[in-house]
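So the protein sequences, as listed, match chains A and B.
With the numbering used here applied, the first sequence covers -12 to 219.
With the numbering used here applied, the second sequence covers 144 to 434.
Report on the following structure.
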Amino acid sequence: MPRPRPTRSLWLGFVFAGVFGIRTAHAEPAPAGTSPAVTARAAPLPAAPPAESSTPALAGLTMLVTGGYGASTHEVRGMGLAPYGAMFGLDAGFTFPFGLRLGAYGGFSLGRTTDERRDPIVRRAFDFKADTSSVNAGLAVGWDVPVYCLVLRYGLGLGVTSMKWDFGGVDADDVRYGDAKNPNVGFHFVPSAELLWPHGRFIGGVGFDYLVHVNGTIPSAFVGKALVGVKL
Amino acid sequence: MSARRLASLGCALSTLWAAQAQAEPVAPATPAAPPAATPAPAGDLQSPEQASTRNSAYTLPRGMWAFNVGGLGIGSGDAVATLGAAYGIGAGLQAEVNVAHMSVGLFNIATAWQFVDTRYFDLGAKVGFWYGHGAWYWIAEEYAKDLVAKLDVISIPVELVASAPLTRWFQLDLTVVYAYGEIFGVGSESNIFTDAQIGVRQFALRPGARLFVTNRTALELSTKLPVSTVIPFDKVDDVSVPFKHTWSFEAGLRSRLAPGLFGSLRLHYGSNVDAMYGARLYPAFELEYRL
Chain A
-12 MPRPRPTRSL
-2 WLGFVFAGVF
8 GIRTAHAEPA
18 PAGTSPAVTA
28 RAAPLPAAPP
38 AESSTPALAG
48 LTMLVTGGYG
58 ASTHEVRGMG
68 LAPYGAMFGL
78 DAGFTFPFGL
88 RLGAYGGFSL
98 GRTTDERRDP
108 IVRRAFDFKA
118 DTSSVNAGLA
128 VGWDVPVYCL
138 VLRYGLGLGV
148 TSMKWDFGGV
158 DADDVRYGDA
168 KNPNVGFHFV
178 PSAELLWPHG
188 RFIGGVGFDY
198 LVHVNGTIPS
208 AFVGKALVGV
218 KL
Chain B
144 MSARRLASLG
154 CALSTLWAAQ
164 AQAEPVAPAT
174 PAAPPAATPA
184 PAGDLQSPEQ
194 ASTRNSAYTL
204 PRGMWAFNVG
214 GLGIGSGDAV
224 ATLGAAYGIG
234 AGLQAEVNVA
244 HMSVGLFNIA
254 TAWQFVDTRY
264 FDLGAKVGFW
274 YGHGAWYWIA
284 EEYAKDLVAK
294 LDVISIPVEL
304 VASAPLTRWF
314 QLDLTVVYAY
324 GEIFGVGSES
334 NIFTDAQIGV
344 RQFALRPGAR
354 LFVTNRTALE
364 LSTKLPVSTV
374 IPFDKVDDVS
384 VPFKHTWSFE
394 AGLRSRLAPG
404 LFGSLRLHYG
414 SNVDAMYGAR
424 LYPAFELEYR
434 L
């Protein structure tokens, strides 16, 4: 049973999210009125629970520019297609005062070229290059949760990805990709998490998306990203 | 002063400033008004009403319902998709069912019992029952579907779970689980049920840690470390699966989005994730409403 290992670029995605990632402070004294003990389990413990503001600071309309790096998390028909790589996009949405956010997103991924090898049963093995890139867009629902002066944003997007592919002079049928159109279009959904820092009208932050593709001929991907934008 | 404390102080100051700027004028005092009974303030994620029951010793308080919906899960109870209900019966007992699994030929019910409840240490037990009918597992791809088409699977996981809320911002969990599995029918020993560790006989440890970042958000980490995994496919010579193909790890965030409403997002890593979804790293999400 083949057990593909995460590519180096997947770890790059992690590093991108991790280097700028969550560095939350905690264990501040709880303000008065925070959680009296309900049972023995919630009875006073050595340190008081941390607390935070109850109102998200991002209520209203926000526009964000995103940039990041995406890595495919699995192979497609024996090929390590990489239609993500460096990614740029836009993210706009409205957050209600109670935290619910409705938005839309779109992005372009430069992708990159990967070296592939095919070893058919009845013919000689051959090498080829697979060049892929993609664009994606969709609608998202999310929820903003305050974390001290930051905002943790959960999201779930539903949209469409269009992946362009080019195998050079190799016939797509010879690499078992002949049934896919070019560009190859499919639905995706995107669980995501972002940690945002609102400062006046300015918003900055980092986060990750996981593009889960319904179309099995487009690889799913982990995307680490940075966001910069404004609150309108 | 440490950088962390300085950052917190900065956050607190900016919050205070914002609150002051938005403060409404103080209403004139009404001396005749008796002190009204104010509603209990919201608890934190370690309080019984809000504690996570996933991979922990805790169960729902008596009379509390929990309804959840989610997708792409891994592991007992929430594999593939979740559309479930749980109920706190009382005396630490809880019953739960996931009806989403029925749509893909899986049926599972579970019960949990928290029988030790102290300030620093809690203990619970969980028992579940799974039945999988391969012919109804339609979401697999063609080849994988063929492999399970003539198989039926039974799994009975039994868990002993210890949780230790050492401070108000840190908790350790340890689960000892034995899953008894049985596979009936004709097919390959390597199929989506066994590769996803449904239907195997497995003894495993699952240590975990929870960092309560605020009173409504927690970072949750856990790893499953199987000591022994056997596929009971061939009764004459059971197939043992090595540790490197069975361990898994998950990291997630869980937050109280609103009173009674909880959201969580996890990333799973492991061979069982690969078997289920075709990638070693995969996300899972869940929304839970308690009332």
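C-beta atoms are modelled at their ideal positions from N, C-alpha and C, and glycine is treated no differently.
Give me the chain B residues within the contact set of residue i, using Cβ-Cβ distance strictly less than 8 Å, ordered along the chain.
{"i": "P60 (chain A)", "result": "Reading the sequence as shown, one finds Thr at residue 60 (chain A) and not Pro. Chain B residues near T60 (chain A): A422, R423, L424 and Y425."}
Going along the chain, which residues of its own chain have a beta-carbon closer than 7 Å to the beta-carbon of residue i, five neighbours each way excluded?
{"i": "F272 (chain B)", "result": "N251, I252 and I299"}
{"i": "G216 (chain A)", "result": "T49, M50, L51, V52 and I190"}
{"i": "F392 (chain B)", "result": "T366, Y412 and G413"}
{"i": "V201 (chain A)", "result": "G173, F174 and H175"}
{"i": "R344 (chain B)", "result": "A322, Y323, G324, V373 and P375"}
{"i": "L364 (chain B)", "result": "G351, A352 and A394"}
With a 10 Å radius around its C-beta and 16 neighbouring C-beta atoms as the bar for buried, classify residue i as buried or exposed.
{"i": "W208 (chain B)", "result": "exposed"}
{"i": "L219 (chain A)", "result": "exposed"}
{"i": "F346 (chain B)", "result": "exposed"}
{"i": "R433 (chain B)", "result": "buried"}
{"i": "H61 (chain A)", "result": "buried"}
{"i": "F154 (chain A)", "result": "buried"}
{"i": "P107 (chain A)", "result": "exposed"}
{"i": "G187 (chain A)", "result": "exposed"}
{"i": "V210 (chain A)", "result": "buried"}
{"i": "T181 (chain B)", "result": "Any reading at T181 (chain B) needs caution, since the residue's pLDDT is 38, under 50, leaving its predicted position unreliable; the model's value is listed next. Exposed is the call here."}
{"i": "T357 (chain B)", "result": "buried"}
{"i": "L437 (chain B)", "result": "Limits of chain B in this structure are 144 at one end and 434 at the other, which puts residue 437 (chain B) out of reach."}
{"i": "V138 (chain A)", "result": "buried"}
{"i": "P369 (chain B)", "result": "buried"}
{"i": "G86 (chain A)", "result": "buried"}
{"i": "R110 (chain A)", "result": "exposed"}
{"i": "V384 (chain B)", "result": "buried"}
{"i": "L242 (chain B)", "result": "Looking at the sequence provided, one finds Val at residue 242 (chain B) rather than Leu. Classification for V242 (chain B): exposed."}
{"i": "P70 (chain A)", "result": "buried"}
{"i": "N169 (chain A)", "result": "exposed"}
{"i": "P84 (chain A)", "result": "exposed"}
{"i": "R104 (chain A)", "result": "exposed"}
{"i": "L143 (chain A)", "result": "buried"}
{"i": "L126 (chain A)", "result": "exposed"}
{"i": "K387 (chain B)", "result": "exposed"}
{"i": "F313 (chain B)", "result": "buried"}
{"i": "F405 (chain B)", "result": "buried"}
Beta-carbon within less than 8 Å of residue i's beta-carbon, same chain only, minus the 5 sequence neighbours each way: which residues are those?
{"i": "R423 (chain B)", "result": "Y412, G413, S414, V416 and D417"}
{"i": "G203 (chain A)", "result": "V63"}
Sorted by chain position, which residues of the same chain lie with C-beta nearer than 6 Å to residue i's C-beta, five sequence neighbours on each side aside?
{"i": "T360 (chain B)", "result": "S398"}
{"i": "E181 (chain A)", "result": "R140, G192 and G194"}
{"i": "L214 (chain A)", "result": "L51, T53 and G192"}
{"i": "A166 (chain B)", "result": "Reliability fails at A166 (chain B), whose pLDDT of 42 lies under 50, so the model's placement of it is uncertain and the value that follows must be treated cautiously. Nothing meets the Cβ criterion."}
{"i": "L220 (chain A)", "result": "Because chain A here runs from -12 to 219, residue 220 (chain A) falls outside it and cannot be looked at."}
{"i": "L236 (chain B)", "result": "W256"}
{"i": "E302 (chain B)", "result": "K269, T318 and V320"}
{"i": "F81 (chain A)", "result": "L48 and L89"}
{"i": "I297 (chain B)", "result": "Y274 and E325"}
{"i": "L156 (chain B)", "result": "Reliability fails at L156 (chain B), whose pLDDT of 47 lies under 50, so the model's placement of it is uncertain and no value is given."}
{"i": "W184 (chain A)", "result": "L137, G191 and G192"}
{"i": "A167 (chain A)", "result": "T204"}
{"i": "D78 (chain A)", "result": "L51, T53 and Y92"}
{"i": "S407 (chain B)", "result": "G395, R397 and E429"}
Which residues in chain A have a C-beta closer than 7 Å to the C-beta of residue i? List them in chain order.
{"i": "L141 (chain B)", "result": "Outside the shown range of chain B (144 to 434) lies residue 141 (chain B), about which nothing can therefore be said."}
{"i": "F258 (chain B)", "result": "Simply none; closest approach about 13 Å."}
{"i": "T360 (chain B)", "result": "V132, V134 and L139"}
Starting from the beta carbon of residue i, find every residue of chain B whose beta carbon is closer than 9 Å, and list them in chain order.
{"i": "P170 (chain A)", "result": "Those do not exist, as P170 (chain A) stays about 22 Å from chain B at its closest Cβ, beyond 9 Å."}
In chain A, what lies closer than 9 Å to residue i by C-beta?
{"i": "G406 (chain B)", "result": "W130, V132 and Y141"}
{"i": "F428 (chain B)", "result": "Y141, L143 and P178"}
List the residues of chain A that residue i touches, going by C-beta distances under 8 Å, in chain order.
{"i": "L396 (chain B)", "result": "L139, Y141 and A180"}
{"i": "R336 (chain B)", "result": "Before going further, note that residue 336 (chain B) is Phe rather than Arg in the sequence given. In chain order: nothing, as chain A lies at least about 14 Å away."}
{"i": "L215 (chain B)", "result": "P178 and V199"}
May I ask whether a heavy atom of the ligand ZN can be found less than 7 Å away from the beta carbon of residue i?
{"i": "G155 (chain A)", "result": "Although the ligand ZN was asked about, the structure shown includes no ligands whatsoever."}
Less than 8 Å between CB atoms is the rule here; does residue i satisfy it with respect to chain C?
{"i": "A208 (chain A)", "result": "As a matter of chain content, chain C is missing from the structure shown, whose protein chains are A and B."}
Residues of the stretch 181 to 213 of chain A with Cβ closer than 8 Å to any Cβ of chain B, in chain order: Y197, V199, G203, S207 and F209
3-residue-minimum beta strand (DSSP E) runs that sit fully inside the stretch 93 to 161 of chain A, ordered along the chain: 113 to 134 and 137 to 153
Complete runs of the alpha helix (DSSP H) confined to the stretch 190 to 216 of chain A [at least 4 residues]: none
Every unbroken alpha helix (DSSP H) inside the stretch 329 to 367 of chain B [4 residues or more]: As far as the stretch 329 to 367 of chain B is concerned, its whole alpha helix (DSSP H) runs of at least 4 residues are 335 to 338.
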